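So for the sequence shown, the working numbering puts the first residue at 17; every next one is plus one.
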Amino acid sequence: MNCTRRALLGDSAGIATILAGAPAAAMPRAPDAGFGPPMPPPSDVLPPPLPETDPSRTCFDLGWRFHKGEVPAAAPVTHNDTYLSVKAGTAPGAAALDFDDSDWQQVALPHDWASFQPVVETANVSQGYRERGIGWYRRTFRLDEADRGQRLEVQFGAIATNATIWVNGNVVAHSWSGYTGIYIDITPFARFGDALNVIAIRVDATVMEGWWYEGAGIYRHAWLARRPAVSIATDGIHARPVRGKDGQWQLPVSVTLESVAAEEAEVAIEAVLLDPEGQETARTRISARVAALERGEAKLTLAAGQPRLWSLERPALHRLVVRVTRTGSPADARYLAIGFRTIDFDPDLGVSLNGRRIKLKGVCLHQDHAGVGVAVPDALLAWRLARLKDMGCNAIRCSHNACAAELLDLADRMGFLVMAENRRFNPAPDYLAQLEWMVRRDRNHPSVMLWSVFNEEPMQGTHAGVEMVRRMVAAVRRLDPHRPTTAAMNGAFYDPENVSQVVDVMGFNYYPNDYDRYHRLNPGKPILSSEDTSAMMTRGAFASDPAAHVLSSLDTEAADWGATHRRSWAEIAGRPFVAGGFVWTGFDYHGEPTPFAWPTTSSFFGILDLCGFPKTAHDIRRAQWRDDIPVVAIAPHWTWPGREGQPMKLLVTSNADSVTLRLNGRTIGEARVDRINGNEWTLPYAPGRIEAIAYRAGREVARAAHETVGKPVALRLTPARRRMAADGEDVQPFTVDAVDRLGRHVPDADCLAHFTVHGGTIIGVGNGDPNSHASEKAPSRSLFHGLAQVIVQADAGAGPLLVRAEAASLRPAGAIVEKVARAPRAQVAMEAQLQVITAWRRSPALSERPDPSLAPRDGDNNAWAFVTPGDNFAPEAKAGWRAYRATVTPRRAVRRAGGELRFGTVVGRAEVWVDGVLAAEKHEQAPRPLSAPCRAGEGSRTVVLLVQVAPGQTTGLAGAVTITEDKRKR
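This is the structure in structure tokens:
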């Protein structure tokens, strides 16, 4: 929710009002800085926006209208109704051009309507007990006359799940997957100038493609591309760096061109390579011819020499600029990030990057996050990846579907390797096209190392399954011949026919006891763990209580098919021939609440919870995976009132050589560090300070401590960043915790916090509790084991972002974040809500002025022409009259209060009749607008325009006809 500036800053209190009670200013600091929330400290770095890759595109995220539920369309009744209903441009109901969507909700994309739904027991367990159903979207937009003759394309990153899309009343696309992008050539359907365009989308989210929370709606970005008539096809560039035996690199580039021109055209294609500093290192140019309404391909090669290499630690990115020019037309261009690197899977040595052996320290990821569902903003996605990077993760498996394009852009820049995974195991044309789309879109990313064609399919050990995979692998290799393929198998490894025989890399989902046997029987096949672990934890809980659906965070609980975090990594780390693994999962996710069902609504598998707060698994993996810095951590916390003297099990995780455990300054024990399994102690609980000190070569390198804290007295708000972009898109999470009188984090606080914001908007809340049914959109959230999260989007414009948190009996907290000027991303302009009358009938030429009641006979679709205002009409042969006739039902606001009927341009002397009553006249031949009142009241209106025509002149409806409400009578 928002609150007014006066409420937060008014009167003399100023900014101090929102900060009243802030622990940092009002209370003494704890003895050291280690007693804040268990999250990284706020960063002062404002991440730059992702670079533009396609300058022809304009963001299409704003101005959408949404309706949840079906919108039934009336079935045609008469023969003529039926005849007209199947004609182009005559879609009925909510897909119709003139449908009244004025009372629909205004939304911005990305949008996941399921994330707004309450949790109900009757909904599907796998989808997190949130109802999905049917939804409709509509967007009205205008195209300039200058866009005429260009190729016009609307792009949707993904729509969950099945979608039918209309443009100007024409069905233009069907989508059968909630994970596949949709590219629509709207050029033949487009209207220009005063004529408005309407996109309508019916989304059927009752269809499920997965057994996890999938969301509902247009949950990724949308774009409108305006390109020259001969242009580069979307995803039409393939650039694959090749290292020669002499160590020199080349960059072969293929460019797919497409034409909407009326005749064959010749174009010039130029490719330029820039180094990471933006300096040109290579350039080449060729020409090509493209036939009208056809595609063509051009191939170029750039000599790259010895460029800086892309690696996990230093992901150096070059820039490839491809331009297509044609005489008399503007250039079309694309900008690609290029990473020069080699990656090799070896059956004995695992995987090497640039000739250096690495171990894949990976996680599987679903798409959703607390508060926002699958509509994850770009900045929040970047924050999630930063949480993984901090843990030592270097690889991501996109489970089990094509990810957002922005994830790969970030992976390229942050230094992750990615297993890109296909959703549907099916080589039939509709589904093979989904796989091909993913490969085309993602094949230029240096982060992408493997194509996974499926996950855990029952047919994996059958002849039919092998034949299916052969066809899918062949489709991949046609588009990307050199990247290896895999399949995530959960059995059938030794069947006489199984799919591992027809992919490049064997992917084990679990089954670590089979690594050795498979390697022995298949010595030439590289191996990785495509999915492992499936350990389960409730963040902040350190004893399991199955009856309460609570699982210990001490790494003691795992699914029957899985293993603990410690055992699973031991199986992988000790085998050089296993390239690495992917933990199920990096983050908790909505849905799939294994091993429970209602009332649990989300998973327990994450290393991090739904909010990105760390479980003990985070410290375990950090000790196992981080090689660059020393780490040490202790679990659990040390605040256990009433348990004095009782035995307490402690887990200390570190990557140092040795560790010493101290309680209240007394050494409890010393041990060589077990980096994989950690070190355990059991000791009687005594309040005070427990600390672990890590040593290398006898020198202290890291220290972790917990103290027994007091009761909470105040809230604390901690932003992820102290700066945000004032572009209307930047988003960040704020951590909410409670502190005692010394400002120390209270790990068992559970108070209900209420939030207000100025200079931004709350887009979601969460706390990581898998059993919570609270709204994730409300401006409040209870702390769960001491933590909650509020996700805030900064408004565009000047001024700080102010966030305030309040809770009963606690001092409130405030946070101020600087908003840094950044121009908002260009958006397709939003049009005012007005009704356009597009469906007119025009009479034949008449020698005498007709009666306004003149109309075509029912079923006569020949004598009177079907016309649209603004159409190019031929000059009249002789003097006389024309009648234009339309029937329209005004929108609700006009029916309530009346409005204005406005003709943008009428050429010729004219009369306007509405329901048989003369409403306006025009007495001159010259073109000008013409207006008439539109009365209030229910039902339709019959509008007739009588125009006196002059010989040799064009007359009639030369501009759009609209109905607008009378705002004075609101």
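Even for Gly, the Cβ is constructed at its ideal location relative to N, Cα and C.
Every value quoted in this text rests on a predicted model; they were computed, and no experiment measured them.
Quiz item: For proline 44, which residues of its own chain have a beta-carbon under 7 Å away from its beta-carbon, when the five flanking residues on both sides are left out?
Solution: Legend: pLDDT at proline 44 = 33, less than 50; position of this residue unreliable, value from coordinates given subsequently. Within the same chain, proline 44 has close Cβ partners Leu758, Gly759.
Quiz item: What does a CB cutoff of less than 7 Å around aspartate 220 pick up in its chain, not counting 5 residues either side in sequence?
Solution: Ile150, Thr177, Asn178
Self-check item: Contained alpha helix (DSSP H) runs [length at least 4] in the region 613-646, N- to C-terminal order
Solution: 632-641
Quiz item: Are valine 752 and leucine 679 closer than 8 Å when you measure CB to CB?
Solution: no
Exercise. With 8 Å as the threshold, decide whether the Cβ of histidine 801 is near any Cβ in chain D.
Key: Among the chains of the structure shown, chain D does not appear; only one protein chain is present.
Practice problem: Look at the alpha carbon of glycine 932 and the alpha carbon of threonine 903, and state the distance between them as a whole number of angstroms. | Solution: 12 Å
Quiz item: Which residues bound the alpha helix (DSSP H) around isoleucine 588?
Solution: 581-589
Quiz prompt | Residues that aspartate 220 bridges to, as DSSP identifies them | solution = Ile150, Asn178
Quiz item: What is the residue span of the beta strand (DSSP E) that tyrosine 99 lies within?
Solution: Run containing tyrosine 99: none in the beta strand (DSSP E); it sits in the alpha helix (DSSP H), 95-101.
Quiz item: Since valine 977 contacts tryptophan 897 with CB under 8 Å, what's their CB separation in whole angstroms?
Solution: About 19 Å; that fails the 8 Å criterion.
Quiz item: With C-beta atoms as the reference, is glutamine 171 less than 8 Å away from isoleucine 198?
Solution: yes
Quiz item: Where do the ends of the beta strand (DSSP E) carrying tryptophan 450 lie?
Solution: Note that residue 450 is glutamine in the sequence shown here, rather than tryptophan. First-last for glutamine 450: 445-458, but that is the alpha helix (DSSP H), not the beta strand (DSSP E).
Self-check item: Meets three-Cβ-pair contact criterion under 8 Å: the region 297-305 and the region 217-237
Solution: no
Exercise. Find out if the Cβ-Cβ distance for the pair alanine 386, glutamine 122 is shorter than 8 Å.
Key: no
Quiz item: So what does DSSP say about threonine 33, is it helix, strand or coil?
Solution: Residue placement at threonine 33 is poorly supported in this model, since its pLDDT is 44, which falls under 50; the coordinates are not used for a value here.
Quiz item: What residue range is occupied by the uninterrupted alpha helix (DSSP H) comprising alanine 490?
Solution: 479-495
Self-check item: Assigned exposure category for lysine 377 - 16 Cβ within 10 Å defines buried
Solution: buried
Quiz item: Just the Cα atoms here: how many angstroms apart are alanine 287 and arginine 342?
Solution: 15 Å
Practice problem: Write down every uninterrupted run of the beta strand (DSSP E) in the region 840-884 whose length is 3 residues or greater and which is fully enclosed by it, in chain order. | Solution: 856-858, 881-883
Quiz item: Given that a residue counts as buried once 16 or more other Cβ atoms are within 10 Å of its Cβ, and exposed if not, what is glutamine 969?
Solution: exposed
Self-check item: Simplified DSSP state of glycine 194, which is helix, strand or coil
Solution: coil
Quiz item: Tell me, which residues are paired with isoleucine 709 by DSSP?
Solution: Thr676, Arg719
Quiz item: How would you write the range of the alpha helix (DSSP H) that valine 594 sits in, first residue to last?
Solution: Segment 594-600 is the beta strand (DSSP E) holding valine 594; no alpha helix (DSSP H) there.
Practice problem: Within 10 angstroms of the Cβ of arginine 737, are there 16 or more other Cβ atoms? Answer buried if so, exposed if not. | Solution: buried
Exercise. Specify the secondary structure class of threonine 905 as computed by DSSP and reduced to three states.
Key: coil
Quiz prompt | Whole-number beta carbon distance between proline 257 and alanine 320, since they are thought to touch under 8 Å | solution = 7 Å
Quiz item: Is the region 935-943 touching the region 831-845 in the sense that three or more CB pairs, one from each, lie closer than 8 Å?
Solution: no
Quiz prompt | Cβ-based neighbour list, serine 618, same chain, cut-off 7 Å, excluding 5 preceding and 5 following | solution = Gly144, Asp604, Tyr605, His606, Gly607, Pro609, Leu626, Pro786
Quiz item: Quick one: what's tyrosine 531 bridged to in DSSP?
Solution: DSSP, once it has assigned bridges, lists no residue as partnering tyrosine 531.
Self-check item: Cβ-Cβ separation, tryptophan 880 to serine 859 (assumed contact under 8 Å), whole Å
Solution: 6 Å
Quiz item: Whose C-alpha, out of Met435, Ala710, Ser670, is nearest the C-alpha of glycine 596?
Solution: Met435
Exercise. Identify every residue that forms a DSSP beta bridge with tyrosine 988.
Key: Because the chain is modelled from 17 through 986, residue 988 falls outside the range shown and cannot be assessed.
Quiz item: Taking all protein chains shown into account, do 16 or more other C-beta atoms lie within 10 angstroms of the C-beta of valine 187, making it buried, or fewer, making it exposed?
Solution: exposed
Quiz item: With C-beta atoms as the reference, is glycine 920 less than 8 Å away from aspartate 210?
Solution: yes
Self-check item: Nonlocal neighbours in the same chain, by C-beta distance under 7 Å from alanine 909, ignoring five residues either side
Solution: Ser118, Glu981
Self-check item: Three-state class that DSSP yields for aspartate 548 in the structure shown
Solution: strand
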